[in-house]
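What follows is a short report on a single structure.
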Amino acid sequence: MMMLDWTRRAACLDLDPELFFPISLEGPSQSQVEQAKQVCAGCPVREPCLAYALDTRQAYGVWGGTDPDQRRELQTRHAAGLRS
1 MMMLDWTRRA ACLDLDPELF FPISLEGPSQ SQVEQAKQVC AGCPVREPCL AYALDTRQAY
61 GVWGGTDPDQ RRELQTRHAA GLRS
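When we follow full-length UniProt numbering, the leftmost residue of the sequence shown carries the number 1, and every step to the right adds one.
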């Protein structure tokens, strides 16, 4: 599988991927989600990462500083904007 060019500059490149894919978004896993989002906050490729997640409808994990619920909300707002 070819690596997307922007992924080579990602702040998470050398981190454990499990940090970005917690078992749940609640309870003890919430601190893991927050840690992942902190990594994303300083990432130089946050925007293309989020765009990729939205384009490919990533249902799990933290992408571009967002969790699945936040991405669903963004998708819903985007779809509503297209309809109006």
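Think of the CB as a built atom: it goes at the ideal place given N, C-alpha and C, for glycine as much as any other residue. Keep in mind the model is a prediction, meaning the values are calculated, not measured.
Does the distance from the C-beta atom of residue i to that of residue j stay below 8 Å?
i	j	result
residue 64	residue 79	no
residue 15	residue 7	no
residue 66	residue 82	no
residue 11	residue 42	yes
residue 22	residue 32	yes
For residue i and residue j, I'd like the C-alpha separation in whole angstroms.
i	j	result
residue 1	residue 70	Model confidence at residue 1 stands at a pLDDT of 45, short of 50, so the residue's coordinates are unreliable; what they give is reported in the following sentence. Near 28 Å, if we compare the C-alpha coordinates of residue 70 and residue 1.
residue 18	residue 77	29 Å
residue 26	residue 34	11 Å
residue 30	residue 45	23 Å
residue 4	residue 28	32 Å
List the DSSP bridge partners of residue i.
i	result
residue 63	66
Cβ-heavy atom distance between residue i and the ligand HEM below 7 Å?
i	result
residue 83	By its list of ligands, the structure shown contains no ligand whatsoever, and the ligand HEM lies outside what it can speak to.
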